[in-house]
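For the sequence shown, the numbering used here gives the first residue as 75, with consecutive numbering after it. In this text, a Cβ means the ideal position worked out from N, Cα and C, and glycines have one as well. The model shown is predicted, which means the values in this text are computed figures rather than measured ones. Data first, discussion second: the structure below is written as structure tokens.
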Amino acid sequence: MADDIIDAHEQSEQARQWLQKNGSSIIMGILLGLAVLLGWQRWQQSSVNHRADAMLKFDDFQAAVDKDDKELAGKLVEELRKNYGDTPHAALGALELAEMQLKAGQLPEAESSLRFAAEQDESASLKAIAQLRLARLVLGRGDAQKALDAVNAMSAESYVAEREQVRGDALLALGRGDEARKAYDAALAVMDVAAQQRRSLQAKRDDVAAGGPVVTAPAVPATPAPDTKEPAAPVVATPVPAEQG
75 MADDIIDAHE QSEQARQWLQ KNGSSIIMGI LLGLAVLLGW QRWQQSSVNH
125 RADAMLKFDD FQAAVDKDDK ELAGKLVEEL RKNYGDTPHA ALGALELAEM
175 QLKAGQLPEA ESSLRFAAEQ DESASLKAIA QLRLARLVLG RGDAQKALDA
225 VNAMSAESYV AEREQVRGDA LLALGRGDEA RKAYDAALAV MDVAAQQRRS
275 LQAKRDDVAA GGPVVTAPAV PATPAPDTKE PAAPVVATPV PAEQG
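This is the structure:
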């Protein structure tokens with residue numbers, strides 16, 4: 075029994091000495107862990123607040139679009155690009171602004187807006203739509219190589235029928251008929267059999283395959299024709315920050 079008491083005393087003394095030697099390190103480790111945890115929580119809250127602010131700014135932009143106030147819409151998108159370029163709202167705003175600019179005949183401005191949206195990585199869907207519209211815009215003004223570059227930058231899974239049709243038109247304009255035919259074939263392979271534009275695309279493909287004269291492709295609008303199924307830009311939702319207790 076006495077030995078047990080001595081052993082317990084020795085163990086307690088060893089623990090006390092160990093704590094004296096290492097206690098400050100343990101406390102510092104705990105404090106550091108708490109600081110990291112608090113910093114992470116604050117960063118998360120800051121990120122939520124940042125995206126919520128972007129959503130509010132985008133709401134202001136939408137109101138300007140509804141009023142057809144191009145000047146205010148342009149200023150708000152510029153603010154989104156400058157302060158909230160890391161959110162999908164900036165790219166979506168640039169896409170919508172490009173439509174307004176196209177309708178107003180402001181082609182260089184529309185191209186700039188589309189290029190910004192095409193360079194963003196916050197939303198793969200928004201990025202692909204911007205790349206497709208950019209390709210249509212530059213092809214419509216006669217710059218087939220830039221149009222080809224734009225569709226080549228798209229991911230392999232993005233809007234295959236629309237992408238390959240624009241690729242074919244760009245290649246046709248560049249005098250590369252055989253490659254254009256292959257692009258049209260790729261578009262037809264995935265295009266809905268009931269699509270209204272399928273007949274005209276098939277006729278174009280057949281003309282190229284028949285070895286007829288390769289002519290410059292007709293201007294392609296930057297926005298899809300009414301019978302062209304281009305997926306709409308996704309709705310961007312942002313969580314509202316929780317109230318602080």
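Non-local C-beta neighbours of SER186 in its own chain, meaning closer than 6 Å and more than five positions away in sequence, are absent. DSSP places MET129 within a helical segment (H, G or I) once states are collapsed to three. Around the beta carbon of LYS131, a 10 Å sphere encloses 16 or more other beta carbons of the protein chains shown; the residue is thus reported as buried. ASN157 and ALA128 have their alpha carbons spaced roughly 8 Å apart. In the three-state reduction of the DSSP assignment, GLY249 falls in the coil class, being assigned neither a helical nor a strand state.
Excluding its 5 nearest sequence neighbours in each direction, ALA235 has C-beta neighbours in its own chain below 6 Å: ALA261, VAL264 and MET265, listed in chain order.
Relative to ASP143, the option among LEU171, ALA283 and SER229 whose CA is nearest is LEU171. Within its own chain, the residues whose Cβ lies closer than 6 Å to the Cβ of ALA224, once the five positions on either side in sequence are excluded, are GLN205, LEU208 and ALA209, listed in chain order. Counting other Cβ atoms within 10 Å of its Cβ, ASP243 reaches 16 or more and is therefore classed as buried. Per DSSP, the unbroken alpha helix (DSSP H) holding SER199 starts and ends at 198-214.
For the pair VAL282 and ALA247, the CB atoms are not nearer than the 8 Å cut-off. By the Cβ neighbour-count rule, PRO182 is exposed, with fewer than 16 other Cβ atoms within 10 Å of its own. Taking C-beta atoms as the reference points, PHE135 and GLY167 count as a pair closer than 8 Å. If you compare the alpha carbons of HIS163, ALA218 and LYS177 with that of GLU196, the shortest gap goes to HIS163.
Non-local C-beta neighbours of ALA192 in its own chain, meaning closer than 8 Å and more than five positions away in sequence, comprise LYS201, ALA204, GLN205, LEU208, ALA224 and ALA227, ordered along the chain.
For ARG272, same chain residues with a beta-carbon under 8 Å away, outside a window of 5 residues either side, are LEU262, MET265 and ASP266 in chain order. Distance from the CA of ALA284 to the CA of ALA147, rounded to the nearest whole angstrom, comes to 49 Å. Looking from the CA of ASP259, the closest CA among ALA277, ALA268 and GLY249 belongs to ALA277.
Residue nearest to ALA126 within the set LEU154, MET174 and LEU275 is LEU154 (criterion: CA-CA distance). With respect to the 8 Å criterion, LEU211 and ALA184 are classified as neighbours on the basis of their beta carbons. Close CB contacts of GLU238 within its chain, under the 6 Å cut and outside five residues either way in sequence, are with ALA257, ALA260 and ALA261 (chain order).
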